[in-house]
Amino acid sequence: MSEQTIALVTGANKGIGYEIAAGLGALGWTVGVGARDEGRREAAVEKLRAGGADAFGVPLDVTDDRSVAAAAQLIELRAGRLDVLVNNAGVTGGRPQEPSTVDLAALRTAVETNVIGVIRVTNAMLPLLRRSASPRIVNMSSGVGSLTRQTTPGAEVGPISVAYAPSKSMLNAVTVQYAKELQGTDILINAACPGYTATDLNNFSGHRTPDQGAAIAVRLATLPADGPSGGFFEDAGVVPW
Ligand SMILES: NC(=O)c1ccc[n+]([C@@H]2O[C@H](COP(=O)([O-])OP(=O)(O)OC[C@H]3O[C@@H](n4cnc5c(N)ncnc54)[C@H](OP(=O)(O)O)[C@@H]3O)[C@@H](O)[C@H]2O)c1
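Every position in the sequence shown, counted from 1, becomes a number in our numbering once 1272 is added.
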């Protein structure tokens, strides 16, 4: 088995995921660039390599059982284990998302990708993560999934959203349940909020750069053994549930 730290970032072909891959690559880690589209994936891998990162492509659609199983197999063949999994891939499900008029397909897409996709990928990778000396899982959530912020007047939570925001609330809840099951192991799992970041997801309306959005995930990916698990964090600290 390689001594090299190996990470997988889902949805790493662009936006925050790409910058997380770049950030982990800059640590000297080997980074699997999980992406569903071959062209976008290979372009990202090339760009990361040109920047000095040891990156390789991992075909990965988080909504597809077979794709996820094949991704786990690819990493097993390449490294025999996985040290860090960043579940970053996410979608809004489309807008508008007023509860009374929402297209149920949008709801299903958001939950299938942002919640079930994370569980699917995590469970496929857990056997590989259990072989690592210090395994870390980071779930890219969002402050809009914070029910405290959603009910705090003036908090930055974007438009009314019955698909995207609740999918991130559920992802937070799922993160807590994993942390409980994994208590007593070396695996630390946390949810991250990147802040309002300019990417395709919001038509580049965010005020943070993807590089800034990636920082909290890199921090949670590199937690020491006595770091937290089952928490929800942004750059400034703990995000309220
Ligand atoms: N931007 C923000 O302000 C913000 C705030 C809070 C949280 N977040 C979260 O941060 C994460 C990254 O978002 P982003 O802003 O960087 O958005 P983005 O630029 O739209 O990137 C999303 C990434 O997820 C991938 N993806 C979507 N569905 C997928 C699937 N089924 N299988 C594999 N990959 C899939 C996309 O791949 P394709 O290129 O193939 O579509 C893309 O690589 C998301 O979880 C998002 O919810 C973002």
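Every residue gets a Cβ at the ideal spot worked out from N, C-alpha and C, and that includes glycine.
- A residue is called buried when at least 16 other Cβ atoms come within 10 angstroms of its Cβ; Arg1380 does not meet this threshold and is exposed.
- Burial is judged here by how many other beta carbons sit within 10 angstroms of a residue's own beta carbon; Gly1415 has at least 16 and is buried.
- Placement of the Cβ of Met1412 at a distance of less than 7 Å from at least one heavy atom of ligand 1 is found.
- Sorting Glu1310, Pro1512 and Ile1432 by C-alpha distance to the C-alpha of Glu1370 places Ile1432 at the top.
- Judged by their CB atoms, Asn1386 and Ser1439 are nearer to each other than the 8 Å cut-off.
- Between Ala1307 and Ala1284, the C-beta gap is smaller than 8 Å, which places the two residues in contact.
- The beta-carbon separation of Ala1487 and Gly1478, rounded to 14 Å, does not stay under the 8 Å limit for a contact.
- Remark: C-beta atoms of Ser1501 and Asn1444 do not approach each other more closely than 8 Å.
- Scanning its chain for C-beta atoms nearer than 8 Å, with the 5 sequence neighbours on each side dropped, one finds around Phe1505 the residues Asn1462, Ala1463, Ala1464, Cys1465, Ile1488, Arg1491, Leu1492 and Val1511, in chain order.
- CA-to-CA, the gap between Ala1316 and Gly1352 works out to about 24 Å.
- In this structure, the beta-carbon distance from Leu1296 to Val1303 falls below 8 Å.
- With at least 16 other beta carbons inside 10 angstroms of its own, Ser1413 counts as buried.
- Within the chosen limit of 7 Å, ligand 1 reaches the beta carbon of Ile1288 through at least one heavy atom.
- The beta carbon of Gly1283 sits closer than 7 Å to at least one heavy atom of ligand 1.
- The alpha-carbon separation between Arg1350 and Pro1496 amounts to approximately 25 Å.
- Less than 8 Å divides the Cβ of Leu1419 from the Cβ of Trp1513.
- Its chain contains Gly1502 as the residues whose beta carbon lies nearer than 6 Å to that of Val1448, once the 5 sequence neighbours on both sides are disregarded; these appear in chain order.
- In this structure Arg1338 is exposed. Its beta-carbon is surrounded by fewer than 16 other beta-carbon atoms within 10 angstroms.
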